[in-house]
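**Student:**
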Amino acid sequence: MRVVAMLAAALQTYANPIDIDYRYNWEQVNEGISYRTGADPAIVRHKGAYYLFQTLADGYWRSTDLVTWTFVKPSRWPFRGIVAPAVWSDGERLYIMPSMTDQGAVLVSDDPASGRLEFLTRRMPPLPGMVRSGFEDTMKPGQVPPGPWDPALFKDDDGRWYLYWNSSNVFPLYGIELDPNRSLAYIGMPKPLFGLDPLKHGWERFGQDHSGTLPNGTPITPFMEGAWMTKVRGTYYLQYGAPGTEYNVYANGTYTATSPLGPFTYAPWNPVAYKPGGFVQGAGHGSTFEDAHGNWWNTGTPWIGHNWAFERRIAMFPTRFADDGQMIVSTRFGDLPHYAPDRKVDDLDAYFTGWMLLSYRKPATASSTEGEYAAPRAADEDPRTFWVAGRNVPGETLTLDLGATKTVRAVQVNFADYKSGRFADAPDIYTEFALEASLDGARWMPIARTEPPRRDRPNAYFELPAPVRARYVRYVHGHVGSATLAIGDLRVFGNADGPPPAMPKGLRGERQADRRNADIAWRPVSGVIGYNVRWGLRPDRLTLTYQLFADDRPDRLALRALNVDQDYWVAIEAFDERGVSRLSRPVRITSRR
Numbered sequence: 033m034r035v036v037a038m039l040a041a042a043l044q045t046y047a048n049p050i051d052i053d054y055r056y057n058w059e060q061v062n063e064g065i066s067y068r069t070g071a072d073p074a075i076v077r078h079k080g081a082y083y084l085f086q087t088l089a090d091g092y093w094r095s096t097d098l099v100t101w102t103f104v105k106p107s108r109w110p111f112r113g114i115v116a117p118a119v120w121s122d123g124e125r126l127y128i129m130p131s132m133t134d135q136g137a138v139l140v141s142d143d144p145a146s147g148r149l150e151f152l153t154r155r156m157p158p159l160p161g162m163v164r165s166g167f168e169d170t171m172k173p174g175q176v177p178p179g180p181w182d183p184a185l186f187k188d189d190d191g192r193w194y195l196y197w198n199s200s201n202v203f204p205l206y207g208i209e210l211d212p213n214r215s216l217a218y219i220g221m222p223k224p225l226f227g228l229d230p231l232k233h234g235w236e237r238f239g240q241d242h243s244g245t246l247p248n249g250t251p252i253t254p255f256m257e258g259a260w261m262t263k264v265r266g267t268y269y270l271q272y273g274a275p276g277t278e279y280n281v282y283a284n285g286t287y288t289a290t291s292p293l294g295p296f297t298y299a300p301w302n303p304v305a306y307k308p309g310g311f312v313q314g315a316g317h318g319s320t321f322e323d324a325h326g327n328w329w330n331t332g333t334p335w336i337g338h339n340w341a342f343e344r345r346i347a348m349f350p351t352r353f354a355d356d357g358q359m360i361v362s363t364r365f366g367d368l369p370h371y372a373p374d375r376k377v378d379d380l381d382a383y384f385t386g387w388m389l390l391s392y393r394k395p396a397t398a399s400s401t402e403g404e405y406a407a408p409r410a411a412d413e414d415p416r417t418f419w420v421a422g423r424n425v426p427g428e429t430l431t432l433d434l435g436a437t438k439t440v441r442a443v444q445v446n447f448a449d450y451k452s453g454r455f456a457d458a459p460d461i462y463t464e465f466a467l468e469a470s471l472d473g474a475r476w477m478p479i480a481r482t483e484p485p486r487r488d489r490p491n492a493y494f495e496l497p498a499p500v501r502a503r504y505v506r507y508v509h510g511h512v513g514s515a516t517l518a519i520g521d522l523r524v525f526g527n528a529d530g531p532p533p534a535m536p537k538g539l540r541g542e543r544q545a546d547r548r549n550a551d552i553a554w555r556p557v558s559g560v561i562g563y564n565v566r567w568g569l570r571p572d573r574l575t576l577t578y579q580l581f582a583d584d585r586p587d588r589l590a591l592r593a594l595n596v597d598q599d600y601w602v603a604i605e606a607f608d609e610r611g612v613s614r615l616s617r618p619v620r621i622t623s624r625r
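The sequence shown runs 33 to 625 under the working numbering.
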């Protein structure tokens with residue numbers, strides 16, 4: 033509790049999706065499909081600052097505190113943009129390698145804050161053993177598909193460089209050594225490292241909740257991608273994203289080794305970053321980095337997928353490496369406000385502020401509405417539904433009735449793209465609005481507003497300077513750069529008065545005949561908003577969380593993310609606007625049915 037109090041005094045918080053000016057995608061311009069997106073985040077610390085690179089943004093972001101991010105326009109950039117870049121800092125220079133299917137350029141900078149980038153090489157040599165695109169079905173032993181796609185750079189303590197890559201539902205991850213004296217040219221032949229095994233690893237199955245199928249029922253083989261290498265206390269953690277970005281179960285896993293090219297061993301505690309429930313769903317394909325205070329973080333790619341399958345955002349989760357080597361990423365309440373600490377923090381639960389969701393399913397009204405896109409859609413914790421105003425003009429309002437006077441501490445405005453009509457950066461793409469609160473719905477007081485400099489804030493998060501007692505919260509529109517005003521969710525955080533809910537009782541778990549799955553059930557707790565089903569390999573280390581809303585799944589969950597030969601422990605906690613219940617006593621789920 034002392035750590036929580038110390039962090040609270042810092043008053044520096046964030047909420048996922050992280051608050052950056054996500055860019056409009058141009059890939060579907062000919063189809064007229066317009067949406068903002070961010071994916072495949074690579075965050076590195078370099079010369080006292082953090083740099084964030086992502087897919088298809090014509091530049092990158094810089095931060096000194098992991099909360100406020102400023103976009104940096106680079107001096108040069110690949111003509112067709114960058115997809116899933118590899119980024120690494122050696123302390124002196126920052127290296128940027130885009131995904132490639134042929135011989136591409138690698139960029140470097142000794143001053144990325146200025147945006148000044150140079151070519152390390154304009155053209156990498158051919159990837160050894162690579163076949164031409166379209167000829168993958170003719171590959172012979174020792175050959176590799178076109179690449180390196182989805183690359184990850186790594187410089188070891190001894191000064192040797194390595195590259196890891198691939199994105200495929202056929203081929204494995206590959207690794208190769210690089211020559212720093214020849215602009216990171218390849219040394220030797222690529223080495224196949226490992227692939228997916230969804231018959232043994234339940235979480236590696238594709239589809240919504242690991243259904244293994246597309247929405248029409250067609251079976252599909254899962255995808256492995258998003259390599260990232262981290263070395264901690266002599267152990268190499270080669271991380272990967274699976275089973276696919278388009279659904280709620282996108283996750284990060286890891287294999288470990290004692291040398292950079294293996295052999296690698298599957299980690300029994302996989303997945304490491306997993307968030308299938310809540311407002312932010314999906315945690316796969318990202319990066320792992322250490323902040324200035326010695327705290328670790330893991331980033332990932334949550335899924336929206338309303339306008340296009342690859343409409344996504346970026347999330348960041350606190351991480352640690354246990355003394356026995358287990359990599360632990362906390363996604364518990366991973367879309368509610370968390371502290372961004374200014375000191376070393378060992379307890380991952382201490383990052384959570386305790387500010388609960390006050391806006392779920394609350395009555396919502398608006399000044400105008402277009403068609404079926406009514407105001408209540410902005411209070412359902414679903415980014416794929418949204419309110420659309422009848423007019424995109426200043427003064428439009430969206431109002432939530434919290435049902436009673438409560439303590440409001442933060443607000444997040446999550447905009448949606450509905451017929452936005454934008455496909456490139458432009459000076460008029462920015463966000464302006466004000467937030468107001470009221471006790472009676474008649475007299476209003478300002479609580480937050482966007483400030484200069486102007487920028488787009490599709491997922492704008494505001495921590496209030498001081499707690500506010502309010503029953504009503506409203507959004508007052510100023511400007512958005514899209515053709516329409518659409519808000520996916522107006523999320524209000526704080527606490528209702530009263531004690532936290534009762535602990536759920538009657539928890540039981542049983543392995544299904546398919547040992548990748550288990551049935552979890554409990555007795556409902558009256559009046560709660562939802563539950564966190566938490567599980568792990570030890571009763572005192574429940575590292576994974578599935579967040580459920582009680583009006584959707586009030587008393588059971590089919591857990592489909594298990595490794596077949598592994599015993600687990602599972603527990604449950606309830607939450608509402610007042611707080612979180614005590615965690616139930618863990619029950620064991622054996623690997624046998």
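A virtual CB, placed ideally from N, CA and C, is assigned to each residue, including glycine.
Here the structure is a predicted model, which is why all the values come from computation and not from measurement.
Would you decide whether Glu150 is buried or exposed? Buried here means 16 or more other CB atoms lie within 10 Å of its CB.
**Tutor:** With a threshold of 16 other beta carbon atoms within 10 Å, Glu150 falls short and is exposed.
**Student:** If contacts are defined as beta-carbon pairs under 8 Å, then Ser199 and Phe255 qualify, I think. What distance do you get, rounded to the angstrom?
**Tutor:** 7 Å between Cβ atoms; contact.
**Student:** For Gly113 and Ala184, I'd like the C-alpha separation in whole angstroms.
**Tutor:** Straight through space, the alpha carbons of Ala184 and Gly113 are spaced by roughly 17 Å.
**Student:** Taking the CB atoms as reference points, tell me whether Tyr298 and Tyr287 lie closer together than 7 Å.
**Tutor:** yes
**Student:** With DSSP as the reference, identify every bridge partner of His511, one or two as the case may be.
**Tutor:** DSSP lists Glu464 as partners of His511.
**Student:** Report the residue ranges of all beta strand (DSSP E) runs contained in full by the stretch 563 to 599; include only those spanning at least 3 residues, in chain order.
**Tutor:** 576 to 581, 588 to 591
**Student:** Excluding five sequence neighbours on each side, which residues of the same chain lie with their C-beta closer than 7 Å to the C-beta of Asp53?
**Tutor:** Phe103, Arg487, Asp488, Arg489
**Student:** Could you check the C-alpha separation between Trp329 and Ala145 for me, to the nearest Å?
**Tutor:** 22 Å
**Student:** Hey, Arg566 and Val619 are a contact pair by Cβ (cut 8 Å); roughly how many whole angstroms apart?
**Tutor:** Wrong, their Cβ atoms sit about 12 Å apart, outside the cutoff.
**Student:** In the DSSP assignment, find the beta strand (DSSP E) that holds Asn707 and state where it starts and stops.
**Tutor:** Only positions 33 to 625 of the chain appear in the structure, and residue 707 is not among them; the question remains open.
**Student:** Please state if the CB of Ala71 and the CB of Arg454 are separated by a distance shorter than 7 Å.
**Tutor:** In this structure, Ala71 does not lie closer than 7 Å to Arg454 by Cβ.
**Student:** How should Val140 be labelled, buried or exposed, when 16 other C-beta atoms within 10 angstroms of its C-beta is the threshold for buried?
**Tutor:** buried
**Student:** Would you kindly check if the distance between the Cβ of Gly309 and the Cβ of Tyr578 is under 7 Å?
**Tutor:** yes
**Student:** Just to check my reading of the structure: Val163 and Met171 have Cβ atoms closer than 8 Å, yes? What is that Cβ distance to the nearest angstrom?
**Tutor:** 5 Å
**Student:** Within the chosen definition, does the stretch 475 to 486 reach the stretch 404 to 417 through at least 3 CB pairs nearer than 8 Å?
**Tutor:** no
**Student:** What residue range is occupied by the uninterrupted beta strand (DSSP E) comprising Arg94?
**Tutor:** 92 to 95
**Student:** Let me know the secondary structure DSSP gives Gln175 once reduced to three states.
**Tutor:** coil
**Student:** Quick one: using the 10 Å Cβ neighbour count with 16 as the cut-off for buried, is Phe465 buried or exposed?
**Tutor:** So Phe465 counts as buried.
**Student:** Thinking Met348 and Asn48 are a contact (beta carbons under 8 Å), I'd like their distance in whole angstroms, please.
**Tutor:** 7 Å
**Student:** Is it true that the CB of Arg94 sits closer than 7 Å to the CB of Ala81?
**Tutor:** Yes, the pair counts as a contact, with Cβ atoms nearer than the cut-off.
**Student:** When the distance is taken between beta carbons, is Thr333 closer than 7 Å to Gly357?
**Tutor:** no
**Student:** One question on the structure: do Tyr371 and Thr45 come within less than 7 Å of each other, judged by their Cβ atoms?
**Tutor:** Inclusion of Tyr371 and Thr45 in the CB contact set at 7 Å is warranted, their separation being smaller than that value.
**Student:** What is the residue span of the beta strand (DSSP E) that Asp433 lies within?
**Tutor:** Counting along the chain, the beta strand (DSSP E) containing Asp433 begins and ends at 429 to 447.
**Student:** Would you kindly check if the distance between the Cβ of Val304 and the Cβ of Val377 is under 7 Å?
**Tutor:** no
**Student:** Specify the secondary structure class of Gly258 as computed by DSSP and reduced to three states.
**Tutor:** strand
**Student:** Contact defined as beta carbons within less than 8 Å: I believe Ala471 pairs with Phe494. What is the distance between those atoms, to the nearest angstrom?
**Tutor:** Note that residue 471 is Leu in the sequence shown here, rather than Ala. Their Cβ separation, rounded to whole angstroms, is 19 Å, which puts Leu471 and Phe494 out of contact at 8 Å.
**Student:** Measure the C-alpha to C-alpha separation of Gln313 and Asn213 and round it to an integer number of angstroms.
**Tutor:** The straight-line gap separating the alpha-carbon atoms of Gln313 and Asn213 is approximately 42 Å.
**Student:** Going by beta carbon distance, what residues of the same chain come within less than 7 Å of Gly174, once the five residues before and after it are set aside?
**Tutor:** Contacts found: Gly161, Met221.
**Student:** Does the structure place the stretch 588 to 605 close enough to the stretch 226 to 242 that three or more beta carbon pairs sit under 8 Å?
**Tutor:** Between the stretch 226 to 242 and the stretch 588 to 605 there are three or more inter-stretch CB-CB distances shorter than 8 Å, so the stretches are counted as touching.
**Student:** What span of residues does the beta strand (DSSP E) with Pro350 cover, start to end?
**Tutor:** 347 to 353
**Student:** Where Ile252 and Leu246 are concerned, what is the direct C-alpha to C-alpha distance, given to the nearest angstrom?
**Tutor:** 7 Å
**Student:** Give me the DSSP bridge partner(s) of Asp228.
**Tutor:** Before going further, note that residue 228 is Leu rather than Asp in the sequence given. According to DSSP, Leu228 bridges with nothing at all.
**Student:** Please state whether DSSP places Leu216 in a helix, a strand or coil.
**Tutor:** coil
**Student:** Does the separation of the CB atoms of Gly526 and Lys394 fall below 7 Å?
**Tutor:** no
**Student:** Helix, strand or coil for Asn57 per DSSP?
**Tutor:** Here Asn57 sits in coil by DSSP.
**Student:** Whose C-beta lies closer than 6 Å to the C-beta of Val505 among residues of the same chain, with five residues either side of it excluded?
**Tutor:** Leu432, Ala469, Val524
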